[in-house]
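Report on one structure; see the data block that follows.
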Amino acid sequence: MILLPALFVYLTLNISYIWSGFVFSIVIIMNAFSMDEKAQINTLLNSLPYTRREIVSSKYIGVLIFTFIVVLTIFIGNLIIQRELTIWIDLMFIVCLVMVSASFIFPFSYQFNSRYLFIGSLILFGIYMVINTLFRNLNDIIRENVRILLSLQNINVYLLILFSVIILYICSWFLSIRIYRNKAF
1 MILLPALFVY
11 LTLNISYIWS
21 GFVFSIVIIM
31 NAFSMDEKAQ
41 INTLLNSLPY
51 TRREIVSSKY
61 IGVLIFTFIV
71 VLTIFIGNLI
81 IQRELTIWID
91 LMFIVCLVMV
101 SASFIFPFSY
111 QFNSRYLFIG
121 SLILFGIYMV
131 INTLFRNLND
141 IIRENVRILL
151 SLQNINVYLL
161 ILFSVIILYI
171 CSWFLSIRIY
181 RNKAF
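Each residue of the sequence shown is one higher than the last, beginning at 1 in the numbering used here.
And the structure:
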């Protein structure tokens, strides 16, 4: 939660609040996850009267809570700093991005050590850099596609995307429960 004041600083610098909200949410979530990865924590958690399903579920619910706090901070920050209301589609886009990312990160994190997640992130960054050298304007292409997506006027498209993200999140949740249940500590 100490990162939330830093989010206000980013809002004053006119950095994309979608990007800032996404990065801050992922950092907060992964920090909480890495704290729980220590051997002593797993021993403690498994000795408490909680099932492994409840332990995994608490992390998935935590993603939603932390993301809501970041989105609320962005909304209030834009209202105070920029004196404008944040568009709800932008806020939902942040939530969907975080949910999709968590849907892939959590099962991977439950299966492997976070050291491997770091290595995987470096590999993905390397792939991005190679693609970026092949297509010089990759960031502009991504920015333009996001702008087109956010400017759509058809609410059915947003509902379809939201429904797909929720299905992916739930499937990831069940996969993580299965992985954690079979994990030996």
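Positions of the beta carbon are idealized from the N, C-alpha and C atoms, including for glycine.
The stretch 58–69 contacting the stretch 101–120, beta-carbon criterion three pairs below 8 angstroms: Because the criterion of three Cβ pairs below 8 angstroms is met, the stretch 58–69 and the stretch 101–120 touch.
Helix, strand or coil at Phe106 [DSSP, three-state]: Position 106 of the sequence shown, counted from the first residue, corresponds to residue 106. Helix.
Would you mind working out which of Val100, Ser16, Arg83 sits nearest Ile166, comparing C-alpha positions? On the sequence shown, position 166 is the one that residue 166 refers to. The residue with the shortest Cα to Cα distance from Ile166 is Val100.
Residue of Ser164, Ser25, Arg53 minimising C-alpha distance to Ile69: Numbered from 1 along the sequence shown, position 69 holds the residue referred to as residue 69. Measuring from the Cα of Ile69, the nearest candidate turns out to be Ser25.
CB-CB length for Ile89 against Gly21, believed under 8 angstroms: On the sequence shown, residue 89 is found 89 positions in, with the first residue counted as 1. On the sequence shown, residue 21 is found 21 positions in, with the first residue counted as 1. At roughly 13 angstroms, the Cβ-Cβ gap does not stay under 8 angstroms, so Ile89 and Gly21 are not in contact.
Is the beta carbon of Arg83 closer than 8 angstroms to that of Tyr180? If you number the sequence shown from 1, residue 180 lands on position 180. If you number the sequence shown from 1, residue 83 lands on position 83. Their beta carbons are not under 8 angstroms apart, which means Tyr180 does not touch Arg83 by this criterion.
Specify, as a first and last residue, the run of the alpha helix (DSSP H) that Thr67 falls within. Stepping through the sequence shown from its first residue, residue 67 is reached at position 67. From DSSP, the alpha helix (DSSP H) with Thr67 extends over 52–77.
Identify the continuous alpha helix (DSSP H) that holds Ser151 and give its terminal residues. Numbered from its first residue, the sequence shown carries residue 151 at position 151. Unbroken run through Ser151: none, as it is neither H nor E.
Anticipated Cβ contact below 8 angstroms, Val23 with Ser176, distance rounded: Taking the sequence shown and counting its residues from 1, the one referred to as residue 23 is at position 23. Taking the sequence shown and counting its residues from 1, the one referred to as residue 176 is at position 176. Going by Cβ atoms, the distance from Val23 to Ser176 rounds to 22 angstroms, so no, they are not a contact pair.
Pull up the distance between the alpha-carbon of Asn78 and that of Met92, whole angstroms please. On the sequence shown, position 78 is the one that residue 78 refers to. On the sequence shown, position 92 is the one that residue 92 refers to. A straight-line Cα-Cα distance of about 15 angstroms links Asn78 and Met92.
From Tyr116 to Ile123, what does the alpha carbon distance come to, in whole angstroms? Against the sequence shown, residue 116 aligns to sequence position 116. Against the sequence shown, residue 123 aligns to sequence position 123. Rounded to the nearest angstrom, the two C-alpha atoms are 10 angstroms apart.
Contact check, Thr67 vs Val27, beta carbons under 8 angstroms: Here residue 67 is taken as the residue at index 67 of the sequence shown, counted from 1. Here residue 27 is taken as the residue at index 27 of the sequence shown, counted from 1. Not closer than 8 angstroms, so no.
Going by C-alpha distance, which of Phe75, Ile29, Ile87, Trp173 is nearest Arg147? Translated into the one-based positions of the sequence shown, residue 147 becomes position 147. If you compare the alpha carbons of Phe75, Ile29, Ile87, Trp173 with that of Arg147, the shortest gap goes to Ile87.
Taking all protein chains shown into account, decide if Val157 is buried (16 or more other Cβ within 10 angstroms of its Cβ) or exposed. For the purposes of this step, residue 157 is taken as residue 157 along the sequence shown, with counting starting at 1. Per the 10 Å Cβ criterion, exposed.
Contact belief for Asn132 with Leu138 at Cβ below 8 angstroms, rounded distance in angstroms: As a working mapping, residue 132 is identified with position 132 in the sequence shown. As a working mapping, residue 138 is identified with position 138 in the sequence shown. So it is a contact: roughly 5 angstroms between Cβ atoms.
Please report how far the alpha carbon of Leu13 lies from the alpha carbon of Arg143, in whole angstroms. Position 13 of the sequence shown, counting from 1, holds the residue named residue 13. Position 143 of the sequence shown, counting from 1, holds the residue named residue 143. When the Cα atoms are used, Leu13 and Arg143 turn out to be separated by approximately 19 angstroms.
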